[in-house]
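First up is the structure itself, then whatever we jot down about it.
There are 2 protein chains.
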Amino acid sequence: MRPTMEDVAARAGVSRALVSLVMRNSPKVSDTRRAAVLRAAEELGYQPHLMARSLASRTSTVLGVMVNDLRNAFFADIVEELDTAAQAAGFDLILNTGGRSPTREWNALHNLLSFRPAGIVLLSPVVPASAIQVAAKQCPVVLVSRTARASTVDTVNDDGEAGSALAVDHLVGLGHRRIAHLDGGGAAGAAQRRRGFETAMRGHGLEPIVVRSEHTDVGGENAVRELLATYSRPDLPTGLVSGNDFNAVGAISALEEAGLRVPEDVSVVGYDNTSLAALRHLSLTTIDQSRKDMARLAFEALIERVRGERTEPVRHLLHPSLVVRATTARA
Amino acid sequence: MRPTMEDVAARAGVSRALVSLVMRNSPKVSDTRRAAVLRAAEELGYQPHLMARSLASRTSTVLGVMVNDLRNAFFADIVEELDTAAQAAGFDLILNTGGRSPTREWNALHNLLSFRPAGIVLLSPVVPASAIQVAAKQCPVVLVSRTARASTVDTVNDDGEAGSALAVDHLVGLGHRRIAHLDGGGAAGAAQRRRGFETAMRGHGLEPIVVRSEHTDVGGENAVRELLATYSRPDLPTGLVSGNDFNAVGAISALEEAGLRVPEDVSVVGYDNTSLAALRHLSLTTIDQSRKDMARLAFEALIERVRGERTEPVRHLLHPSLVVRATTARA
DNA sequence: TCTATTGATTAGAGCGCTCTAATCTTGTAG
DNA sequence: CTACAAGATTAGAGCGCTCTAATCAATAGA
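Protein chains in written order, with full-length UniProt numbering: chain W, 1 to 331; chain B, 1 to 331.
What follows is the structure, encoded as structure tokens:
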């Protein structure tokens, strides 16, 4: 059996309560006793039982994180960042994945809640708003990459409209006039990116071209094929704003397959600045929504609620930035 | 305050113990009472407190997972798989990252242990063997992508030697004779991959060429530059076996930059079959070490120990497979 | 010398649950 | 009817810790 506080107390010749104080490094313990307790603990290999502590103190150092899809590097980055912040603040992360399915996600969320965490971060959840409400009744909840009206939850989102505008401005600045958007369909945030694209184009007095696509490389390929079939060469858009990086990579493939060079013939802009985009082989110009900032803001918002420092909701809308690499050039 | 078992018991007009039985769906409860309890629980929105349960039952449904680097899609895949398996078996995952630093990882491990998990999975840990020993003393431990001598821990590894041999055989079968290996340096498993390469080459009566590199795309680029500087064109290796996919992508970049076409002039094989390799744009021929199987075996091994069904160590060595795509062709 | 006063220590209840052993119901056989 | 087994229910202790309130020791002030 693992040693308990009782064992340490006995060995150090003090009471259990004193050991408890030492373990929480309370200042009201004499140096002599503290040393004795620490030595006894060391000798026994004692380690406090987090769950017992949590139960007794009626506080939790556990933060639940629900990840829509861990395989998506975007979320992996956020989780890493969240973990660093949590570690530093003395919290522990419990992770769960919803596997993109509302049912599975709801289960996962339920599971998370049964730990009575101090708070929960939901990364791009797909459960209905009502489920989020239920969770919010139990502990502070922060939503990342998903909006909410409820005043009990905070949100951290990327300004997708601004991001698309950034891409359009960049291309227009390079002299492009015929620019198409490869839309993300029903994916999270896709609607805003499309809207931003359209608005920005009209702002430049240009006609927005939108091709329905998906946030995958195959989606990008298909969308480009569709473009190639629709437009004759001279009318073909010279600039492409993809819904995300994967889509952009697929688009580039299809373009090259058709004998068009990137960026000489067609410029392509991605979205998300995944590690993929940074790969020298691709060197994709893309829009960066600072995951680091998103994670940090989400964590801060959560901790504020956990500490009870704030009750009004907070709505972070991060301004994305343009990362120029090698897939865009003058028209 | 969240409702407790006591509240449910009161509302249903039964004892706390009966509620406990219902919650653990014990068969020894009459249908009438069960229904009454469930209804009361429903009405109160009661949810069992996992930590209290764990404390009282002296059992844990928590499995700790220590991830070397979440950003690495390889681990993300394994975690997803592990999560699915755990969910199905009624366990919950607690996650922690070591951020590739032994110190941070040791902290993370410590943290994991303070939850008194039922078991722990370490994904490619970098802490010293002694640290793993310490952990193994507290609960069952399974190592993935790391070997161990200790009889208290199980291991699941990819047979790196066999994987490299697969790559070599493939290239030799395509008529290549001058083949170089871009070595992963000190990365996990790199030594075995190198060894496998050398053995396989000698087995074919060929002289192994090994270039020291890294498991990154920049590493691959540099290694190819080194090759280009060392060999005159006609003597240049026509086949490359990279330490991993990232490295292969970098190598391809450098080759194309130097005016060499892949696979017409040089064939390249990666390792790991990451989602990157599957990208149509790259279509990298690579070695697949089934993450699904690795995760499954790791989980099974862990659960067996948790259930006390086995005490002798188990050493899984998975046989990788070759995935032929578009970066390899006849010499 | 005696009482405050401060600081260090501890007893003991209790967090929400499980588990064993005891108690209470039934149904059935004698 | 009584006795008893089998099934259903519950009392109560305890998991490892925290926390409040009480106790104890030591110093200072009068």
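By construction, the Cβ of each residue, glycine as well, lies at the ideal position given by its N, Cα and C atoms.
Computed from a predicted structure; not experimentally measured.
Task: Through-space distance from W/Asp-83 to W/Asp-159, alpha-carbon basis - done: Translated into positions along the first sequence, residue 159 of chain W becomes position 159. Translated into positions along the first sequence, residue 83 of chain W becomes position 83. Roughly 24 Å separates the two Cα atoms.
Open item on the list: Please list the terminal residues of the continuous beta strand (DSSP E) segment that includes B/Arg-212.
Closed with: Translated into the one-based positions of the second sequence, residue 212 of chain B becomes position 212. Taken as a continuous stretch (DSSP letters only), the beta strand (DSSP E) holding B/Arg-212 covers 209 to 212.
Open item on the list: Counting only beta-carbon separations shorter than 9 Å, does W/Leu-109 have a partner in chain B?
Closed with: Taking the first residue of the first sequence as 1, we reach residue 109 of chain W at position 109. Chain B, which has no Cβ nearer than 9 Å to the Cβ of W/Leu-109, makes this no.
Task: Pair within 9 Å by beta-carbon distance, W/Thr-152 and W/Ala-129 - done: Mapped onto the first sequence, residue 152 of chain W falls at position 152. Mapped onto the first sequence, residue 129 of chain W falls at position 129. Pairing W/Thr-152 with W/Ala-129 gives a Cβ-Cβ distance that is not under 9 Å.
Open item on the list: Taking 9 Å as the threshold (beta carbon to beta carbon), is W/Arg-2 in contact with chain B?
Closed with: On the first sequence, position 2 is the one that residue 2 of chain W refers to. It does; some Cβ of chain B falls within 9 Å.
TODO: Can you tell me which of the three DSSP states B/His-49 falls into?
DONE: Numbered from 1 along the second sequence, position 49 holds the residue referred to as residue 49 of chain B. Coil.
Open item on the list: For W/Arg-296, report the span of its alpha helix (DSSP H) as first-last.
Closed with: Taking the first residue of the first sequence as position 1, residue 296 of chain W is located at position 296. In the DSSP assignment, W/Arg-296 falls within the unbroken alpha helix (DSSP H) covering 291 to 306.
TODO: Report yes if the CB atom of residue 332 of chain W is closer than 9 Å to the CB atom of W/Ala-326, and no otherwise.
DONE: Absent from the model: residue 332 of chain W. The displayed extent of chain W is 1 to 331, so no value can be given.
Open item on the list: Please give me, in chain order, every unbroken run of the beta strand (DSSP E) with length at least 3 that falls completely inside the stretch 150 to 208 of chain B.
Closed with: Listed in chain order, the complete beta strand (DSSP E) runs (minimum 3 residues) inside the stretch 150 to 208 of chain B are 153 to 158, 179 to 183.
Open item on the list: Considering Cα atoms alone, identify which of W/Val-29, W/Ile-78, W/Asp-7, W/Glu-214 is closest to W/Arg-291.
Closed with: Indexing the first sequence from 1 puts residue 291 of chain W at position 291. Nearest to W/Arg-291 by C-alpha distance, out of W/Val-29, W/Ile-78, W/Asp-7, W/Glu-214, is W/Ile-78.
TODO: Go to B/Gly-220, then tell me how far its beta strand (DSSP E) extends in each direction, as first and last residue.
DONE: As a position in the second sequence, residue 220 of chain B is number 220, starting the count at 1. No beta strand (DSSP E) contains B/Gly-220, which is instead part of the alpha helix (DSSP H) from 217 to 230.
Task: CB-CB length for B/Leu-255 against B/Val-211, believed under 8 Å - done: As a position in the second sequence, residue 255 of chain B is number 255, starting the count at 1. As a position in the second sequence, residue 211 of chain B is number 211, starting the count at 1. Contact flag wrong, Cβ pair sits at about 13 Å.
Task: Backbone CA spacing between residue 332 of chain B and W/Arg-307 [nearest angstrom] - done: Residue 332 of chain B lies beyond the stretch modelled for chain B, which goes from 1 to 331, so this question has no answer here.
Task: Between the CA atoms of B/Val-156 and B/His-49 - distance to the nearest angstrom - done: Taking the first residue of the second sequence as position 1, residue 49 of chain B is located at position 49. Taking the first residue of the second sequence as position 1, residue 156 of chain B is located at position 156. As the crow flies, the alpha-carbon of B/His-49 is around 34 Å from that of B/Val-156.
TODO: Would you tell me roughly how many angstroms separate the C-alpha atoms of B/Ala-86 and B/Phe-299, rounded to the nearest one?
DONE: Within the second sequence, residue 86 of chain B is the residue found at index 86, counting from 1. Within the second sequence, residue 299 of chain B is the residue found at index 299, counting from 1. One C-alpha to the other measures close to 8 Å.
Task: Selected residue, minimal CA-CA separation from W/Arg-146, among W/Pro-140, W/Ile-132, W/Thr-238 - done: Within the first sequence, residue 146 of chain W is the residue found at index 146, counting from 1. For W/Arg-146, the closest of W/Pro-140, W/Ile-132, W/Thr-238 by C-alpha to C-alpha distance is W/Ile-132.
Task: Bridge-paired residues (DSSP) for W/Ser-321 - done: The count along the first sequence starts at 1 and reaches residue 321 of chain W at position 321. In DSSP, W/Ser-321 forms a bridge with W/Asp-288.
Open item on the list: Please return the same chain residues whose Cβ sits closer than 8 Å to the Cβ of B/Phe-75, not counting the five positions on each side in sequence.
Closed with: Looking up residue 75 of chain B in the second sequence gives position 75. Counting only Cβ-Cβ distances below 8 Å, and skipping sequence neighbours, we find Val-67, Asn-68, Asp-69, Leu-123, Ser-124.
Open item on the list: Please tell me whether W/Leu-282 has its Cβ less than 9 Å away from any Cβ of chain B.
Closed with: Residue numbering aside, residue 282 of chain W sits at position 282 when the first sequence is read from its first letter. Residue contact check for W/Leu-282 against chain B: a CB pair falls below 9 Å.
Open item on the list: Would B/Val-218 and B/Phe-197 be called neighbours here (beta carbons separated by less than 9 Å)?
Closed with: Here residue 218 of chain B corresponds to residue number 218 of the second sequence, with the count starting at 1. Here residue 197 of chain B corresponds to residue number 197 of the second sequence, with the count starting at 1. Going by C-beta atoms, B/Val-218 is not nearer than 9 Å to B/Phe-197.
Open item on the list: Please list, in chain order, the residues of the stretch 82 to 100 of chain W that have any C-beta partner in chain B closer than 8 Å.
Closed with: Listed in sequence order: Asp-83, Thr-84, Gln-87, Asp-92, Leu-93, Ile-94, Leu-95, Asn-96, Thr-97, Gly-99.
Task: Own chain residues within Cβ distance below 6 Å of B/Ala-277, not counting five before or after - done: Along the second sequence, one-based indexing puts residue 277 of chain B at 277. So the list reads Asp-245, Gly-270, Leu-284, Thr-286, once near-sequence residues are dropped.
Open item on the list: Please confirm whether B/Asp-217 has its beta-carbon closer than 9 Å to some beta-carbon of chain W.
Closed with: Position 217 of the second sequence holds residue 217 of chain B. Taking Cβ atoms only, chain W reaches closer than 9 Å to B/Asp-217, which makes this a yes.
Open item on the list: Could you compute how far the alpha carbon of B/Ala-12 sits from the alpha carbon of B/Val-22?
Closed with: As a first step, residue 12 of chain B must be located in the second sequence, where it is residue number 12. As a first step, residue 22 of chain B must be located in the second sequence, where it is residue number 22. Near 12 Å, if we compare the C-alpha coordinates of B/Val-22 and B/Ala-12.
- [ ] Since I believe W/Ala-301 is in contact with W/Val-142 (beta carbons under 8 Å), could you give me their beta-carbon distance rounded to a whole number of angstroms?
- [x] Counting from one through the first sequence, the residue named residue 142 of chain W turns up at place 142. Counting from one through the first sequence, the residue named residue 301 of chain W turns up at place 301. A Cβ-Cβ separation of about 5 Å places W/Val-142 in contact with W/Ala-301 under the 8 Å criterion.
TODO: Please report how far the alpha carbon of B/Val-323 lies from the alpha carbon of B/Thr-230, in whole angstroms.
DONE: Here residue 323 of chain B refers to the residue found at position 323 of the second sequence. Here residue 230 of chain B refers to the residue found at position 230 of the second sequence. Between B/Val-323 and B/Thr-230, the alpha-carbon positions lie close to 30 Å from each other.
Open item on the list: Within 9 Å of any Cβ in chain B, is that where the Cβ of W/Arg-202 sits?
Closed with: Against the first sequence, residue 202 of chain W aligns to sequence position 202. In terms of beta-carbon proximity, W/Arg-202 stays away from the interface with chain B, with every pair separated by 9 Å or more.
Open item on the list: Whether or not the stretch 53 to 66 of chain W and the stretch 59 to 66 of chain B are in contact is what I'm after, with contact meaning three or more pairs of Cβ atoms, one per stretch, closer than 8 Å; do they touch?
Closed with: Below 8 Å, too few C-beta pairs join the stretch 59 to 66 of chain B and the stretch 53 to 66 of chain W to call them touching: fewer than three.
Open item on the list: If you reduce the DSSP assignment to three classes, tell me which class W/His-281 lands in.
Closed with: Reading the first sequence from its first residue, position 281 is the one you call residue 281 of chain W. W/His-281: coil per DSSP, three-state reduction.
TODO: Could you tell me if W/Arg-310 is buried or exposed, where buried requires 16 or more neighbouring beta carbons within 10 angstroms of its beta carbon?
DONE: Taking the first sequence and counting its residues from 1, one reaches residue 310 of chain W at position 310. Exposed.
TODO: Return the residues of the stretch 247 to 263 of chain W that lie within a Cβ-Cβ distance of less than 7 Å from chain B, sorted by chain order.
DONE: So the close ones are Val-249, Gly-250, Ile-252, Ser-253.
Open item on the list: Please return the same chain residues whose Cβ sits closer than 7 Å to the Cβ of W/Arg-225, not counting the five positions on each side in sequence.
Closed with: Residue 225 of chain W sits at position 225 when you count from the first residue of the first sequence. Correct list, in chain order: Ala-254.
Task: Host alpha helix (DSSP H) of W/Asp-83 (start-end) - done: Stepping through the first sequence from its first residue, residue 83 of chain W is reached at position 83. 73 to 89 is the extent of the alpha helix (DSSP H) around W/Asp-83.
Task: Whole-angstrom C-beta distance between B/Gly-163 and B/Arg-193, which should lie under 8 Å - done: Taking the second sequence and counting its residues from 1, the one referred to as residue 193 of chain B is at position 193. Taking the second sequence and counting its residues from 1, the one referred to as residue 163 of chain B is at position 163. With a Cβ gap of about 7 Å, B/Arg-193 and B/Gly-163 count as contacting.
Task: As assigned by DSSP and simplified to three states, the class of B/Leu-63 - done: On the second sequence, residue 63 of chain B is found 63 positions in, with the first residue counted as 1. Reduced to three states, the DSSP call for B/Leu-63 is strand.
TODO: Could you give the DSSP three-state label for W/Gly-99: helix, strand or coil?
DONE: For the purposes of this step, residue 99 of chain W is identified with residue 99 of the first sequence, where counting begins at 1. If DSSP states are grouped into helix, strand and coil, W/Gly-99 belongs with coil.
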